[in-house]
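If you're matching positions, the sequence shown starts at 2 in my numbering and goes up one per residue.
For every residue, glycine included, the Cβ atom is placed at its ideal position computed from N, Cα and C.
Notes for the one structure printed next.
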Amino acid sequence: MTPAPEIVSTTTTPLASSTPSATPHPYPWDDELQTMSGICFEAAAAVAGQVFVFRSAADHIAFYDSVDAGGLCRRPIERFPFDFETGRALAGLWSPGVGCVARHDVRSIERAGDAIKRIELEFVTEGLCNYELLRPFWIGVDASDDFTIEVHNVP
2 MTPAPEIVST
12 TTTPLASSTP
22 SATPHPYPWD
32 DELQTMSGIC
42 FEAAAAVAGQ
52 VFVFRSAADH
62 IAFYDSVDAG
72 GLCRRPIERF
82 PFDFETGRAL
92 AGLWSPGVGC
102 VARHDVRSIE
112 RAGDAIKRIE
122 LEFVTEGLCN
132 YELLRPFWIG
142 VDASDDFTIE
152 VHNVP
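So, in structure tokens, the structure goes:
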């Protein structure tokens, strides 16, 4: 007589999403990943590591125009507006890495009154995957004139 097959119960773990998650709060800024989400991977990779601080709609539009003129995207990028009218700035960057997942951890925030002067980020990649990663960090801030973002890479 043939023994009955053994039934094994398994659970499936979902794969991690490749969609960037919003910047966790409670930080003194608004997450603006959606504002810059129209930039294609190739164009973002070309400027990876550069920190951008846009203080006017004209600066923001000029950046979009330069991306379109660069010809790295297959079609014109999708443009999303940002409200600069209240003196806010749009700031951020794309950080490149290799691994399974990537994130930006906030190490410190320096203020001058209500305005942010400096944000220090730690860029972390995890896992042994050989995936080329490009992690965005884009925020809307009440920034001082000498606002900066510093990023440190952690393997």
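Helix, strand or coil at residue i according to DSSP, with G and I counted as helix
i: A144; result: strand
i: S38; result: coil
i: Y28; result: coil
i: F83; result: coil
i: P137; result: strand
i: C130; result: strand
i: A49; result: coil
i: P6; result: Since pLDDT at P6 reaches only 48, below the 50 mark, its modelled position is unreliable, and the value read off the structure follows with that caveat. Residue state, collapsed to three classes: coil.
Assumed close pair residue i, residue j - CB separation to whole angstroms, cut-off 8 Å
i: A144; j: A116; result: 6 Å
i: A63; j: F148; result: Incorrect: roughly 18 Å between the Cβ atoms, too far for contact.
i: P29; j: I110; result: 7 Å
Residue nearest to residue i in terms of C-alpha spacing, selected from the options
i: N131; options: V102, F148 and P82; result: V102
i: E86; options: H105, A58 and E111; result: A58
i: F83; options: E151, D146 and W139; result: W139
Limits of the unbroken beta strand (DSSP E) element including residue i
i: F55; result: F53 to F55
i: D106; result: A90 to A113
Bridge partners - residue i, DSSP secondary structure assignment
i: A44; result: Answer is none; A44 lacks a bridge partner.
Endpoints, alpha helix (DSSP H) assigned at residue i
i: G185; result: The question about residue 185 has no answer, for the chain in this structure spans 2 to 156.
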